[in-house]
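Down below is the structure, laid out as structure tokens.
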Amino acid sequence: MKTRKFILRIGTLVVIPFLVLTACETREDISIKPIEGSYQGIFTRADDSTNLTRKKQNKNATATVRHADDGVIEVHFHGQMMDTTMMLNYYDHHDNVMVCLTGDDFENMYGHMSGDEHMSDGMMDHMNDGETEWMHHMNEEHQDGDEHFGGVDMNSHTFDFQFRMMDDGVPYYLNFQGVKQ
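Per my numbering, the very first residue in the sequence shown carries number 8; after that it's consecutive.
Spelled out as structure tokens, the structure:
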């Protein structure tokens, strides 16, 4: 009888830490690994007024995605048309991982700080049934008509991102489209 109780206690001591560790899985463990890496592609320029792609494009463009923090990736875009690094929040959305601006970039684009609605209870703690991380982010952080700039299609392993740019006071978009290598 004492042996059975001893085995039960040892088993409990082994199982409980395992359950605690797996219950505390981070967003990084869930979705970051499949999107990290290098995406080879092109930059194309589109006029804001016509949204038609100009002949000017860069066929040797790369976006390098790496994990930066929980829920944040660092993306280094480089090619003849651009060389910049930016931090982006990422959110699961069915077969896609959508991205959104962070920090001052978010505040400058949307007119309020990211996380205003989540200061006390964590970003995804109160999601509704059937709601993806992206849907929750859109419902909590954005208004109708807010512009968004890209993400990763997990089925085709492609990454698309759109930059709003200015050229002598004329707005245009610089689009990156790449395939994971």
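Where a beta carbon is used, it is the ideal one built from N, C-alpha and C, also for glycine.
Where E81 sits in the DSSP three-state scheme: strand
F183 vs A68 beta-carbon contact at 8 Å: yes
For F156, the three-state DSSP class (helix, strand or coil): coil
G48 vs V186 beta-carbon contact at 8 Å: yes
Option nearest N162 by Cα separation, candidates Y179, F84 and H101: H101
Buried/exposed call for R171, threshold 16 Cβ in 10 Å: exposed
Minimum Cβ-Cβ distance from G157 to chain C less than 8 Å: Of the protein chains in the structure, only one exists, and it is not chain C.
Cβ shell of H149 (< 6 Å), same chain only, five flanking positions each side left out: none
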